[in-house]
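Residue numbers (full-length UniProt numbering): 1 to 127.
Okay, structure coming up:
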């Protein structure tokens, strides 16, 4: 009884595989359910491995026909460049006053985000 039902299932699986070579065992289980065979996915996996049936992986589509996101005009004439030197700014104060070394990079970056490009005179007068 079991062998006869499995032979019938194998024929059905092969006929589905001929039509749809990209079906793996989960999708094959759904296709079998649509034809009226309600069986466990493990059994479908076992029968497919006995028949040496594997799904063909379809090519990924690497093109895009839609619209990309809107790029708005640069109304404020901001310069959108990476500023690596901002992270490396160290300010040294006079050794007479004994202030030591003070890191201004965070303050400079935050104010740069709000105000834009600084003149060099303003940078020197930050302390």
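Built from N, CA and C at the ideal position, the CB exists for glycine as well. Here the structure is a predicted model, which is why all the values come from computation and not from measurement.
Count the other CB atoms, across all protein chains shown, that sit within 10 Å of the CB of residue 17; report buried if there are 16 or more and exposed otherwise. Residue environment analysis places residue 17 among the buried positions, since at least 16 neighbouring C-beta atoms fall within 10 angstroms of its C-beta.
Do the region 40–50 and the region 2–21 make contact, defined as three or more Cβ pairs closer than 8 angstroms? yes
What residue from 14, 6, 22 has the CA that sits closest to residue 59's CA? 22
If I measure Cβ to Cβ from residue 25 and keep anything under 7 angstroms in the same chain, skipping five residues before and after, which residues do I get? 41, 44, 45, 48
By the three-class DSSP mapping on this structure, what secondary structure does residue 69 have? Three-state DSSP puts residue 69 in coil, outside helix and strand.
Please give me, in chain order, every unbroken run of the alpha helix (DSSP H) with length at least 4 that falls completely inside the UniProt domain "HTH-like" (6–61). 25–34, 41–50
In angstroms, rounded to a whole number, what distance separates the CA positions of residue 14 and residue 35? 13 angstroms
Just the Cα atoms here: how many angstroms apart are residue 37 and residue 4? 14 angstroms
Using the Cβ count rule (16 or more neighbours within 10 Å means buried), how would you classify residue 32? buried
DSSP state of residue 3, grouped into three classes? helix
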